[in-house]
Every structure is written in C-alpha cells, then in structure tokens.
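**Student:** First, the structure itself, so that you have it in front of you.
Number of protein chains: 2
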Amino acid sequence: MNVDSKEIDEFLVSLLRKVGKNLREDSIKKMSVATKKNRNDLVTNFDKKTEKFINNEIKQFYPEATIVSEEGYGDLVKDMSGLVFFVDPIDGTMNFVKRGDNFASMIGVYIDGQPLIGAIIDVMDNEIYHGGKEIGLYIDNEKINTPKNLPLVEGLVDVSAPMALSNRFSVQDVIKKSSGFRVYGSAGIIFGHLLTGKEVMYMSYLAPWDLAAGRVMCEAAGLSVVSIDGAPINMLESQVVIVGTQKVVSEALKTLKTR
Amino acid sequence: MNVDSKEIDEFLVSLLRKVGKNLREDSIKKMSVATKKNRNDLVTNFDKKTEKFINNEIKQFYPEATIVSEEGYGDLVKDMSGLVFFVDPIDGTMNFVKRGDNFASMIGVYIDGQPLIGAIIDVMDNEIYHGGKEIGLYIDNEKINTPKNLPLVEGLVDVSAPMALSNRFSVQDVIKKSSGFRVYGSAGIIFGHLLTGKEVMYMSYLAPWDLAAGRVMCEAAGLSVVSIDGAPINMLESQVVIVGTQKVVSEALKTLKTR
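Protein sequences appear in the order of chains A and B. If you read the first sequence in our numbering, its first letter stands for residue 530, the second for the next number, and so on. If you read the second sequence in our numbering, its first letter stands for residue 530, the second for the next number, and so on.
So, in structure tokens, the structure goes:
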C-alpha cells in the first residue's frame, strides 16, 4: 500500500486540533450543569460523540483504512494488515470529569502491523505531540529533542495507581530505585512526559487504543516499549506494558517479578 | 500589632513574581550544563540563593517580622507571637530537577499564631495563588470560587508517595473510597489543585514551610487542615497533615488507622 506519512501526520494534527477545540468548548459548559446522577452518562456521550466525529473524518479521507476504537464505532479488526487507525477519543476520563485538565485524545496509525504515525493532544494545553520514525517527532510542528537514555536512579516513574498500590509484580522495588513516583492518570499525558524526558518510565495495563499513538512516538524517540512478559506487543489485545528509556526498561525487567 | 493584609498580599505577589522570573530564567539555563555529580550542589545553591533573596526582601519591608525558612537564612523562632513569615524557596525539588515543571515557591504569613495571608507561585505556569480569610482568594488577582464540599467518592486524592506505597495508617483504604489516586510531588502545586477543586484531599508529612501558605489559603477556602492525630496544627513542627473538603477529611479520619 502506498501511504504518505507526512500527509497522514498533517491530517491527524488538523483533526485533533478540531477535537480539542470541541472538547474544551462543549464539555466544560455541559459538565458544569450535569448532576451527579447523569454525569457518567454524559461522559459516555462525550466519548461516543467524539469517537464518531473522529472515525467519520478518518473514513472520509482514508476510506481503505480500518479503525480500532473504544466506544464501538470502529471496525471488527482481526489482523493488522493494511492501514489501521487506533482511536482513543478521551483518554484520562477521570481527569476529564474531576479535574478538567490532564486528559488527551489520541490516534495511532499502523501499516501492515508497523508503527507509522502517532498523535496525542493535551486538550486543555492545546498541545499536539505528533510524528513517527520516518518523519520525526514534533510538538505543534516544533521538533522534539530525543530524550536522554537515563538510568532508573536518575528519573521519575509513573505507574498506574492500582498496580503501584497493590505492589503487583513487586513494582515498588522498581519505584524505590527511581528518583520518585508520580501518578498523572492519563496514558496520553504521560506519553508526553516520556517524549520530553520529564519521566523515564510508565507501566500500566493498556488497551490497544491506550497504547497505539504513544507506542509509535516513543519507539521513534528511541524509547523501549515492551510487554511485561517479554513477548512482542500485540496491538489487538490489552496487556501490561512498560515504556521507558532503554536503560530503565532493562533495569525494570530485571527487577520485576513476573511469575 | 497593626497589619495591613492587603498590603502584605500585594507584597507577596510582587515578590513571588520576581522569584518565579528568576527561577525560570536562571535555573533552566544552568541546570542543563550541570553534570550528574554537581547537580545536587547546584540545586542546594538555587534553594539558598532564592531563600536569601526572599528573606532579604521581607526584612527590608517588614523589619519587625520573624522568618521561618528551610535553608537556614531565617530566624530562630520559638513562638508564634507577632508577624511570622514562613518561606519555602523551591517546593517540589525533584520536579524542579527532573521535570522542569510542577514546582513552586511559597510564603505563608501568620499574626500571633493566626493564619493571615498565603501565596504560592506555580513557577513554570507563572500563576500565583494568593490571599486569606480576610481579603479573599485569588489567582493572579482573579477571584477563586470556593471549592465544593465533595465527599471522598466524588474526587481525586493525592497522598505522598512513601505514605501511599507503604500503606501507612491504612491510607490505601481512603484511596480506594475515592475517585482516584494522583501523585504530583509538590505540596505547593497540590494546594493549587485543592483550591480549584481538582483534587479533594492531600495527605503528607509536612514541615512548617511546606504547609504554611497552603494552610492559610485552604482554610480561607473552607477546606479542613488537620493533623492526623486530631491535635491542633503546630506551625513550629513537622507533622502528618490531611487537607481536604470538610466531608473528605471527616471520612478520612474515620477510615485511617492512627494507632
């Protein structure tokens, strides 16, 4: 298949810019009038509305693509052949509802199973992280410097709250060897931190749409993205994933108890 | 003693604006050339330099005041009589060093032991939270709406990493009853979240300069600030503190195992 990475990158940036604008304008206004009772429905509606909008735009510009998305407006995808778009309309739902900041919208594009282009918008900051291995990485079209290959002791790590608190896989042994522990509650926001070197590791149980865009960009930035059991990442299943500098992921895999 | 709250508030805002500018310009430049070896010294130097600057300004405008501060340029304070300034030049040191965001500078002012005015600057966002019970609360001179008295199940909680991971006081029982767990790693930044309703509780072991400014403003916002053992807050000692909505603090105190 003949694909133009640069064109897809521009398409994603322009699409997420619109999505971000809608989410900022709409949601804040409507959330404030929501009662406790109907708030969950409202969030689901925002999620669905946003996903429908994104998927329609993708179908219009890339009719040959298949779409994997959270809320059910995607395709039934059985393999990774051809052009596949992964869509997470609102990532960090709790932050969206409770904080009104630190939530994201993400799209990851793969070609025949290979990472091609990813894009993540930090909605409230209106910053878009985008790009891939071929065309490079950008924040709002400004080139990102590749993060340094820091060891665990030199950086902050973010581990999903349930995993960290229950000490699953003895992950607290990894946390203790780091400079400190942070929990931001949105994969998309944390991918931004990893790409800019603000954190050196993220570990969480992630669905395909949680991981897709971040994986494309983190790998392009020279970071490691691995499944906890050392198996190759499977983009059609959920799994526990570690993303971080080469050094940190190697240290983490030695420290974690996975059996 | 005759004190003018509004004048002190204006003094703190103007002082922290300068401190923020210096920290943004200086530190980023110098940190980037620091080697791993001399980095800790460099941070200590920034801390000391900033504290010296703040304390000198206070001494100049409020020569009668006593100063409690972290790095040793303050006074030896034995009681809370008169005008007392608490100074934390850089709060969230690890964020300052590792992330380059989410760190703060804080000043809390007390009169005869009573909270008077607090001010916290989110250095990188250049936002100053300031005010007190008498004059009201502001972000950069814009009035803050009082946060809602939400129950635990309705909000996000931030607990210091060591306390949460080791489940001290069975704090994980509190976390599990909330909407979610976050760790931002800077008391000053988290006080901002509490004041704007983004989080409903913060629990940590805090020194007087960590707590002073936040306590003034959180109490003025109708939030509860309590020592974990139910004793009155002692502003001349470090202690484990819970700050949150009235409902959340009451629920937390019932849930925590403090003996």
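Glycine included, C-beta positions come from ideal geometry on N, C-alpha and C.
Measure the alpha-carbon distance for I650/A versus D669/A and round it to whole angstroms.
**Tutor:** 9 Å
**Student:** Mind checking N655/A: buried by the 16 CB within 10 Å criterion, or exposed?
**Tutor:** exposed
**Student:** In terms of alpha-carbon separation, which member of K627/B, G642/B, F710/B lies closest to F615/B?
**Tutor:** G642/B
**Student:** Kindly indicate if chain A contains any beta-carbon less than 7 Å away from that of L645/B.
**Tutor:** The beta-carbon of L645/B is placed no less than 7 Å from the nearest beta-carbon of chain A.
**Student:** Could you tell me which uninterrupted beta strand (DSSP E) segments, each at least 3 residues in length, are contained entirely in the region 680-709 of chain A, listed from first to last along the chain?
**Tutor:** 685-688
**Student:** Within the 7 Å Cβ cut-off, does G603/A reach chain B?
**Tutor:** no
**Student:** What residues are listed by DSSP as bridge partners for G660/A?
**Tutor:** Its beta-bridge partners are G647/A, L666/A.
**Student:** Is the shortest distance between the beta-carbon of L685/B and the beta-carbons of chain A less than 7 Å?
**Tutor:** yes
**Student:** If you compare alpha carbons, which of A693/A, E780/A, I583/A, L724/A is closest to V712/B?
**Tutor:** A693/A
**Student:** With a threshold of 16 other CB atoms inside 10 Å of the CB of A760/A, please say whether the residue is buried or exposed.
**Tutor:** exposed
**Student:** Can the beta-carbon of I719/B be found less than 7 Å from the beta-carbon of D687/B?
**Tutor:** yes
**Student:** For the pair the region 725-739 of chain A and the region 759-777 of chain A, tell me if three or more CB-CB distances fall below 8 Å.
**Tutor:** Result yes; three or more Cβ-Cβ pairs closer than 8 Å.
**Student:** Select from A742/A, M653/A, Q775/A the residue whose C-alpha is nearest the C-alpha of V755/A.
**Tutor:** Q775/A
**Student:** Once you ignore the five residues that flank M653/B on each side, which residues in its own chain have a CB closer than 8 Å to its CB?
**Tutor:** R553, G629, D630, N631, F632
**Student:** Which residues of the region 692-719 of chain A have a Cβ closer than 8 Å to any Cβ of chain B? Give them in chain order.
**Tutor:** Taking a C-beta cut-off of 8 Å against chain B, the contacting residues of the region 692-719 of chain A are A693, L694, N696, Q701, I704, S708, G709, F710, R711, V712, Y713, G714, listed in chain order.
**Student:** Give me the Cα-Cα distance between K546/A and I583/A, rounded to the nearest whole angstrom.
**Tutor:** Sequence check: residue 546/A is Arg here, not Lys. Answer to the nearest angstrom: the Cα atoms are 11 Å apart.
**Student:** Under the three-state reduction of DSSP, which class applies to F498/B: helix, strand or coil?
**Tutor:** In this structure chain B extends from 530 to 788, so residue 498/B is not present and cannot be described.
**Student:** For a cutoff of 7 Å on Cβ pairs, would you count K627/B as touching chain A?
**Tutor:** yes
**Student:** How would you label D576/A, buried or exposed, when you count the other beta carbons within 10 angstroms and need 16 or more for buried?
**Tutor:** Buried, since its Cβ has 16 or more Cβ neighbours within 10 Å.
**Student:** Against M623/B, what residues of chain A qualify as contacts under a CB-to-CB distance less than 8 Å, listed in chain order?
**Tutor:** L685, S708, G709
**Student:** Confirm, please, whether the CB-CB distance from L681/B to E780/B is below 7 Å.
**Tutor:** In this structure, L681/B lies closer than 7 Å to E780/B by Cβ.
**Student:** Sort Q701/B, I762/B, L679/B by Cα distance to G751/B and report the nearest one.
**Tutor:** Among Q701/B, I762/B, L679/B, the Cα nearest to that of G751/B is on L679/B.
**Student:** Go ahead and label E599/B buried or exposed: buried means 16 or more other beta carbons lie within 10 angstroms of its beta carbon, across all protein chains shown.
**Tutor:** buried
**Student:** In whole angstroms, what separates the C-alpha of D533/B from that of I673/B?
**Tutor:** 21 Å
**Student:** Within its chain, find whatever has a CB closer than 6 Å to the CB of Q701/A; leave out the 5 residues flanking it on each side and keep chain order.
**Tutor:** none
**Student:** Can you check DSSP and say which residues form a bridge with A633/A?
**Tutor:** D620/A, D651/A
**Student:** With distance defined between alpha-carbon atoms, name the residue in I704/B, N696/B, I537/B, V597/B nearest to V778/B.
**Tutor:** If we check each option's Cα against that of V778/B, I704/B comes out closest.
**Student:** With a threshold of 7 Å between beta carbons, is K607/B in contact with chain C?
**Tutor:** Among the protein chains of the structure shown, namely A and B, there is no chain C.
**Student:** When you check each C-beta in the region 630-655 of chain B against every C-beta of chain A, which residues fall closer than 8 Å?
**Tutor:** Within the region 630-655 of chain B, those residues whose Cβ lies closer than 8 Å to any Cβ of chain A are, in chain order, D630.
**Student:** Leaving out five residues on either side along the sequence, give the residues of the same chain with a beta carbon under 8 Å from the beta carbon of G611/A.
**Tutor:** Here G611/A has M530, E593, A594, T595, I640, D641 as same chain residues with Cβ atoms under 8 Å from its own Cβ, once five neighbours each way along the sequence are excluded.
**Student:** Using the beta-carbon count (16 or more within 10 Å), is G721/A buried or exposed?
**Tutor:** buried
**Student:** Let me check understanding here. Comparing Cα to Cα, which of G621/B, K627/B, V626/B lies closest to S634/B?
**Tutor:** Of all alpha-carbon atoms in G621/B, K627/B, V626/B, the one lying nearest the alpha-carbon of S634/B is that of G621/B.
**Student:** Quick one: Cα of T784/B to Cα of E683/B, how far?
**Tutor:** 16 Å
**Student:** Give the interface partners of A750/A over in chain B, defined as CB-CB distance under 7 Å, in chain order.
**Tutor:** The contacting residues do not exist; A750/A stays about 17 Å from chain B at best.
**Student:** On the criterion of 16 or more Cβ atoms from any shown chain inside 10 Å, does F590/A qualify as buried, or is it exposed?
**Tutor:** exposed
**Student:** So, with DSSP's three-state summary, where would you put E599/A?
**Tutor:** Coil, per DSSP.
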